[in-house]
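Engineer:
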Amino acid sequence: MGHIIAIVNQKGGVGKTTTTVNLGAYLVEAGKTVLLVDLDPQANATSGLGVEHQKLEAGIYEALLGQQSLTSVIQNTSKPGYNVAPATVSLAGAGIELVTIENREFRLALMLEEVRSEYDYIIIDGPPSLGLLTINSLVAADSVLIPIQSEYYALEGLGQLLETINLVRDNLKPSLEIMGTVVTMFDRRNKLSGAVLEELKQFFPGKVFETLIPRSVKLAEAPSFGKSILDYDPKSSGAKAYFALAEEIIALEII
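Written out as structure tokens, the structure reads:
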């Protein structure tokens, strides 16, 4: 049975999609099968894997509304064993459309049960908000991975996210775990980065991954070529970091 990881932070620009795409690539490189579910209406994870979302007739939105089966919208990527349930522009309206649907918080969870046995990991790129799509990703997940940028306001908004996670646990998914937090855009030369890391370790004792994702031009460039960092520049510091993060997650032996 595949382990479902929701990668969430309602704050934009924290490296959430970069983490989702590249973690998936290195899990596949390690011999695992991965489905990336793109729940972000910006569709950056979809295009970052080389899938042209503008040309798709259907994506995760149509599957959530029951207009298509999930298997019919899943796309292959250039990497065997790495598939994507793509986002399309229409996903932006899903938060509103889902409001009137029965079992609205469980739509994604029910859909993923159909394909769960086919993958080792299902990773969900959540939207940068705390609406119904994020609730769906948390209810569907076994565990949550929170990317946090090492900057001055990094922990701002974290309380709100944890409150949402606790609400989901209390009312919808008691077994939901916080897998941990991963620090992104880390700059070793910057004292502030180190201070944020220490603060995070106090906030999440034992839940901060050892791997620190560096600030990296190559990581920022890779998506514009429709590639993960593994395919774009496997020798870069960002590539080595995501390789190490994937190893840490595999070592948890959650599947």
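Reading the sequence shown from the start, the letters are residues 1369 to 1623 in the working numbering. Think of the CB as a built atom: it goes at the ideal place given N, C-alpha and C, for glycine as much as any other residue.
1. Do you know offhand how far residue 1474's Cα is from residue 1492's?
2. Could you check whether residue 1411 and residue 1404 sit closer than 8 Å to each other, using their CB atoms as the reference points?
3. In terms of residue numbering, what span does the alpha helix (DSSP H) encompassing residue 1622 cover?
4. Flag this pair as yes or no: are the beta carbons of residue 1550 and residue 1579 separated by less than 8 Å?
5. Start and end of the beta strand (DSSP E) containing residue 1578?
6. Taking 8 Å as the threshold, find out whether the region 1532-1548 comes into contact with the region 1603-1615 through three or more Cβ pairs.
7. Taking just the CA atoms, how far does residue 1611 sit from residue 1402?
8. Helix, strand or coil for residue 1498 per DSSP?
9. Output yes or no for whether 8 Å exceeds the beta carbon distance between residue 1507 and residue 1541.
10. May I ask which residues mark the beginning and end of the alpha helix (DSSP H) holding residue 1489?
11. Identify whether residue 1450 lies in helix, strand or coil by the three-state DSSP scheme.
12. Please name the residue in 1448, 1416 and 1466 whose C-alpha comes closest to that of residue 1454.
13. DSSP puts residue 1597 in a beta bridge; with which residues?
14. If you count every other CB in all the chains shown that lies within 10 Å of the CB of residue 1563, and 16 or more means buried, which is it?
15. Specify whether the region 1585-1598 and the region 1379-1390 touch according to this definition: at least 3 beta carbon pairs, one from each stretch, less than 8 Å apart.
16. So what's residue 1419 in DSSP terms, helix, strand or just coil?
17. Among 1586, 1487, 1583 and 1613, which has the Cα closest to the Cα of residue 1371?
18. Looking at the unbroken alpha helix (DSSP H) that takes in residue 1431, where does it start and where does it end?
19. Three or more beta-carbon pairs under 8 Å between the region 1519-1528 and the region 1425-1434, yes or no?
20. Residue 1461 to residue 1472, Cα distance in whole Å?
21. Select from 1407, 1534 and 1447 the residue whose C-alpha is nearest the C-alpha of residue 1397.
22. Taking just the CA atoms, how far does residue 1420 sit from residue 1538?
Structural biologist: Result, derived from the coordinates:
1. Cα to Cα, residue 1474 sits roughly 14 Å from residue 1492.
2. No; because the gap between Cβ atoms is not below 8 Å, this pair is not in contact.
3. No residue range can be given for residue 1622, since it is assigned to no alpha helix (DSSP H) and is classified by DSSP as neither H nor E.
4. Yes, Cβ-Cβ distance for residue 1550 and residue 1579 is below 8 Å.
5. Secondary structure note for residue 1578: its beta strand (DSSP E) is the uninterrupted segment 1576-1582.
6. In short, these stretches do not touch, since the Cβ pair count stays below three.
7. Approximately 15 Å between the Cα atoms of the pair.
8. If DSSP states are grouped into helix, strand and coil, residue 1498 belongs with coil.
9. Cβ atoms of residue 1507 and residue 1541: closer than 8 Å.
10. Per DSSP, residue 1489 lies in no alpha helix (DSSP H); the unbroken beta strand (DSSP E) holding it starts and ends at 1489-1493.
11. In the structure shown, the three-state DSSP call for residue 1450 is strand.
12. For residue 1454, the closest C-alpha among the options 1448, 1416 and 1466 is that of 1416.
13. Paired residues: none, contrary to the question.
14. For residue 1563, the number of other beta carbons within 10 angstroms of its own is below 16, and it is reported as exposed.
15. They touch, by the three-pair rule.
16. Reduced to three states, the DSSP call for residue 1419 is coil.
17. If we check each option's Cα against that of residue 1371, 1487 comes out closest.
18. That run of the alpha helix (DSSP H) goes 1428-1432.
19. Output reads no: the region 1425-1434 does not touch the region 1519-1528.
20. Going by the C-alpha atoms only, they are around 14 Å apart.
21. For residue 1397, the closest C-alpha among the options 1407, 1534 and 1447 is that of 1447.
22. Approximately 39 Å, taken between the alpha carbons.
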